[in-house]
Amino acid sequence: MKYKLGIDASRNRSGGAKAHIIGILKDIECLPEEMEEVHIWSYDELLNMLPNYPWLIKHSPKSLKRSLIHQLMWQYKCLPKEAKEAKIDIMLNTDAGTISRFLPAITMSRDMLSYEPGEMQRFGLSFQRLRLLALKYVQNYSLKNSTAAIFLTKYAAEVIQKSSGNIANYKVIPHGVSENFRINTSLWKNDERIAKPIRCIYVSNVALYKHQWNVVKAIANLRNEGYNLIIDFVGGGEGKAQDLFLETVAKVDPKREFVSQYEFVSHKDLPIYLANSDIFIFASSCENMPNTLIEGMCTGIPIICSSRGPMPEVLQNGGLYFDPENSMTITNTLKKMIDNELERMEFAKKSKDLSKQYSWNRCGKETFNYVTEVYNNLKK
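For the sequence shown, full-length UniProt numbering assigns the number 1 to the initial residue and increments by one for each residue that follows.
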């Protein structure tokens, strides 16, 4: 007997959350045999980006156009009712912050800031820290009380279960990446970068756990040693983190000779910036799944990366690692990547090869197959 799947994408507002839904639905070739329909609840902007398959039924409640409190009240009170009216057999919650109590359900975990040891403390006694603490308890409840869970990395599954307690039924399903990032880049040789500067790039919003200021210090250190380096920071910022970033830039590069910041670059234009770069730097200390790192891997440019979180699980032996909170380790790692030409080229090839496993087609198949597996087990 065929079943109907519901997807709650009402809270998918971030770029990564939107890319996930678009990716798995656009790249899916056909539904599993047992699946009759997919019903998705979201807001118009996201729904309009999705394909119009005969089996995909889109729901756009008016409450999702209103304030966050209205959205939450709809999710808690109305979504379970609407799902029952649509005869949904199982729900996929694409965010563990859900307060919907519809069952059976599979809940996906995306957040790590609430769980990574030491990260919440960066926010001091602030509203942001209280929000993260509250989110942690909501997510723990959702994950523990769902029929099953989906994690994006093995690392995230291990760390989160230390807080939530053991989750008996879960699967690790990494996200995919847009094929637009699979570009051909030519690997540079050291003698080509004597007159022309080595262009580094760090793609991320400026945040306390992203450590952009330490990367700035590392670039300045190597320039003082005679290395001709410049860096592009792609992604805006605000608050304490942006202030710290700008203060550091003002100290080491007051004339803005080697540091550039681009506050907003559309996702479709990002491959152009990457294609014009020589080294990719990723200095985050907290990620559930480092999507921008994978995008960098796809391009085949050399990568130096934070040794924290799931980054070694993703990049593996495809790059060099550093402590993101120690600018001297970033300096030394970057220097090693520049000085060792043959090793640099090997790293670039390895990371590009590793990136091939991260496709939306694979992610969509694994997700729908897992939903079907969970549903079939319930019927036994």
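Each residue gets a CB set at the ideal place from its N, CA and C atoms; glycine is no exception.
Residue i burial status per 10 Å Cβ neighbour count (16 or more: buried)
i	result
C30	exposed
M337	buried
I40	buried
Q139	buried
A156	buried
S63	buried
R11	buried
K210	buried
S100	buried
Y358	buried
N276	exposed
A134	exposed
D353	exposed
M1	exposed
E192	exposed
L222	buried
D339	exposed
L25	buried
Length of the line joining the Cα atoms of residue i and residue j
i	j	result
C200	I230	6 Å
P341	S186	First, the amino acid is wrong: residue 341 is Glu here, not Pro. Taking the straight line from one Cα to the other gives about 13 Å.
E346	L72	49 Å
M297	Y76	39 Å
D44	S60	6 Å
K87	Y375	14 Å
G309	K171	19 Å
N93	F258	44 Å
G23	R122	33 Å
S42	L79	11 Å
G124	L208	11 Å
F233	P51	33 Å
R66	S146	27 Å
N166	L293	29 Å
A83	E287	32 Å
A250	H20	38 Å
Y3	I57	14 Å
G15	H175	13 Å
S307	N317	12 Å
L320	K162	29 Å
L103	L378	11 Å
N361	F127	39 Å
H70	K136	21 Å
K365	L152	15 Å
G226	D111	41 Å
L334	K380	55 Å
For residue i, the residue or residues it bridges with in DSSP
i	result
D232	I201 and S260
F322	S306
K170	Looking at the sequence shown, residue 170 is not Lys but Tyr. Y170 is bridged to A149.
T107	N93 and A149
F245	Its beta-bridge partners do not exist; DSSP assigns none.
residue 387	Lying outside 1 to 380, the shown extent of the chain, residue 387 is not represented and no answer is given.
I7	I40 and L92
K77	Paired residue(s): none; K77 is not in a bridge.
L56	V38
G237	V206
V314	Paired residue(s): none; V314 is not in a bridge.
V177	S359
Cut-off 7 Å between Cβ atoms - residues of its own chain near residue i, not counting five sequence neighbours on either side
i	result
A348	L187, G300, I301 and P302
P32	F368, N369 and T372
G235	V203, S204, N205 and V206
R344	P302 and M337
W213	L244, F245 and T248
W55	L31, E37 and V38
Spatial neighbours of residue i in its chain, beta-carbon cut-off 6 Å, leaving aside the 5 residues before and after
i	result
L274	T299
P271	N180, F181 and I183
L315	C305
N169	A148
S266	none
G237	N205 and V206
S164	N140, L143 and K144
I28	G364
Own chain residues within Cβ distance below 8 Å of residue i, not counting five before or after
i	result
K189	E341
K18	N12, L46 and M49
K268	N180
M311	F282, S284, E287, P290, L293, C305 and Y321
CB-CB length for residue i against residue j, believed under 8 Å
i	j	result
L143	A218	No, L143 and A218 are not in contact; Cβ-Cβ is about 37 Å, not under 8 Å.
C363	I173	6 Å
G6	M91	4 Å
A220	D253	7 Å
L132	S109	Their Cβ separation, rounded to whole angstroms, is 14 Å, which puts L132 and S109 out of contact at 8 Å.
T329	D323	4 Å
I281	V215	6 Å
E295	V159	Actually they are not in contact, since the Cβ atoms of E295 and V159 sit about 23 Å apart, beyond 8 Å.
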